[in-house]
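Just so you know, numbering that gives the first Met the number 0 puts 33 at position 34 of the sequence shown, and the rest follows in order with no gaps. For glycine and all other residues, C-beta sits at the position ideal for the given N, C-alpha and C. The structure displayed is predicted, hence computed values, not measured ones. Below: the structure, in structure tokens.
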Amino acid sequence: MRTEEVNWCQIQEWYPKFKSVSIRTIIHELPESFVEYLLDDVGPFILPISVSNEDALPNRIHNPIDEEDYQVSEGEIALLLRSSDSLVHDLCHAYDSCSNKTMSRPPSFFLALRKWYSSLLPEMEFRCFVWGHHLVGISQREVTTFYPVLLEKKSDLQLLIENFFMDNVRLNFESENYTFDIYVTRDERVKIVDFNPWGAFTLPLLFTWEEFGQNAREGNSVDFRIVESQCGIRPGLKTAVPQDYLDTSPGSGWDQFLKKVDAEFKQQGTSPTGGSDA
């Protein structure tokens, strides 16, 4: 893998080109002061009022036409980022597997915001694997659950995804080898969710990277894998929202975390739900 292959998978690079077949996204460049805040494992959890005489959060351009009904709690966003395990990888280790690595991290970082739709079906998200500009594999993305509907729709879904790749992705993405995640809507439209480099930190889900090497040498057709029974689930793969994010009961991780945040707000003379105490 080379650094440019990692860079091509950054959302600010690919989204403008694939905007018409992706989920609407608002992208903000993060100031370096905010990146430093995210990496600071010694200071308080809450976002400082200012860092180096500038706002730590990126300035948002408020455009009612673009934002529609977006309501973003910027302080909650900051807390979630600060507590993210994958954040450290993206900020410090994105180039670790690159053969031509000359720097430890990308020069700039971006935050991508998308509206959450509760109607999204986890069984309709898939990861596609591309080797040498050819689609070689498709995997069910959420592999911790068996979805009987996928058995019924497997053939139709494979044809839909293969056609989408040929029409929209194959000649438009720079890398030869990569993965991309998609979502299939109820009316059978395909939406690109993300791109990721081939191998390294990208999960192969229902495949192994070694299998792809063998299939490429043998010139096999596209291999579409789904969880075909309860026995085939992969409960150990972390591909969904952690249970800790969902559990807000007294004594839970979230409960303790928010109590600590509230205490630190009070130490700084502010309230997380209001203005200054003064």
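How would you call residue i, buried or exposed, if buried means at least 16 neighbouring beta carbons within 10 angstroms?
i       : result
Ala-93  : buried
Leu-205 : buried
Pro-15  : exposed
Ser-21  : buried
Val-183 : buried
Met-0   : buried
Ala-55  : Residue placement at Ala-55 cannot be trusted, given a pLDDT of 49 that sits under 50; what the coordinates show is reported in the next sentence. Burial call: buried.
Glu-209 : exposed
Cys-91  : exposed
Leu-156 : buried
Glu-4   : buried
Asp-95  : exposed
Closer than 6 Å by C-beta to residue i: which residues in its own chain qualify, once you throw out the five before and the five after it? Chain order, please.
i       : result
Gly-131 : Glu-175
Trp-13  : Phe-194
Leu-202 : none
Cys-8   : Phe-194, Asn-195 and Pro-196
Glu-173 : Trp-7
Lys-258 : none
CB-CB under 8 Å to residue i, same chain, minus the five flanking residues each way: which ones, in chain order?
i       : result
Asp-65  : Legend: pLDDT at Asp-65 = 49, less than 50; position of this residue unreliable, no value from coordinates given.
Val-135 : Phe-128, Val-129, Phe-211, Asn-214, Ala-215, Asn-219, Val-221 and Asp-222
Val-87  : Leu-38
Asn-6   : Glu-12 and Pro-105
Leu-159 : Val-183, Glu-187 and Val-189
Does the distance from the CB of residue i to the CB of residue j come in under 9 Å?
i       : j       : result
Ala-77  : Phe-128 : no
Asn-171 : Val-189 : no
Leu-120 : His-27  : no
Glu-151 : Glu-122 : no
Thr-2   : Cys-97  : yes
Could you name the residues that DSSP lists as bridge partners for residue i?
i       : result
Gln-139 : Phe-125
Thr-201 : BP columns for Thr-201 are empty, so no partner.
Ser-21  : Ile-191
Leu-79  : Its beta-bridge partners do not exist; DSSP assigns none.
Glu-28  : Phe-109
Asp-180 : Arg-126 and Asp-193
Leu-134 : Val-129
Phe-223 : Ile-137
Whose CA, out of the options, lies closest to the CA of residue i?
i       : options                               : result
Arg-233 : Ser-96, Asp-95 and Tyr-146            : Tyr-146
Gly-231 : Phe-163, Val-148, Thr-143 and Gly-198 : Thr-143
Ile-181 : Tyr-36, Ser-85, Asn-99 and Glu-161    : Glu-161
Lys-114 : Val-192, Ser-228, Glu-4 and Met-102   : Val-192
Ala-199 : Glu-173, Ser-83, Arg-169 and Asp-89   : Asp-89
Glu-227 : Lys-153, Leu-158, Trp-197 and Pro-196 : Lys-153
Phe-108 : Ile-10, Arg-169 and Gln-229           : Ile-10
Ser-19  : Gln-229, Tyr-116, Lys-100 and Phe-163 : Phe-163
His-133 : Arg-169, Ser-103, Lys-100 and Leu-112 : Arg-169
Leu-112 : Glu-75, Ser-103, Asn-99 and Lys-100   : Glu-75
Arg-185 : Ser-82, Ser-118 and Gln-229           : Ser-118
So, for residue i: in the same chain, excluding its five sequence neighbours on each side, which residues have a beta-carbon less than 7 Å away from its beta-carbon?
i       : result
Phe-138 : It should be noted that the sequence gives Ser, not Phe, for residue 138. Hits under 7 Å: Phe-125, Arg-126, Leu-204, Leu-205, Phe-206 and Arg-224.
Glu-53  : At Glu-53, the pLDDT of 49 sits below 50, so the modelled position is not reliable; the number obtained from the coordinates is stated separately. Around Glu-53: Pro-30 and Ser-32.
Lys-265 : none
Leu-80  : Leu-37 and Leu-86
Leu-149 : Glu-122, Gln-139 and Ile-225
Asn-99  : Arg-1 and Thr-2
Gln-229 : Phe-145
Got a sec: is the Cβ-Cβ distance from residue i to anything in chain D below 9 Å?
i       : result
Phe-108 : Absence of chain D from the displayed structure is noted, only one protein chain being present.
Does the Cβ of residue i lie closer than 8 Å to at least one heavy atom of the ligand SAM?
i       : result
Cys-127 : This structure lacks the ligand SAM, and indeed carries no ligand of any kind.
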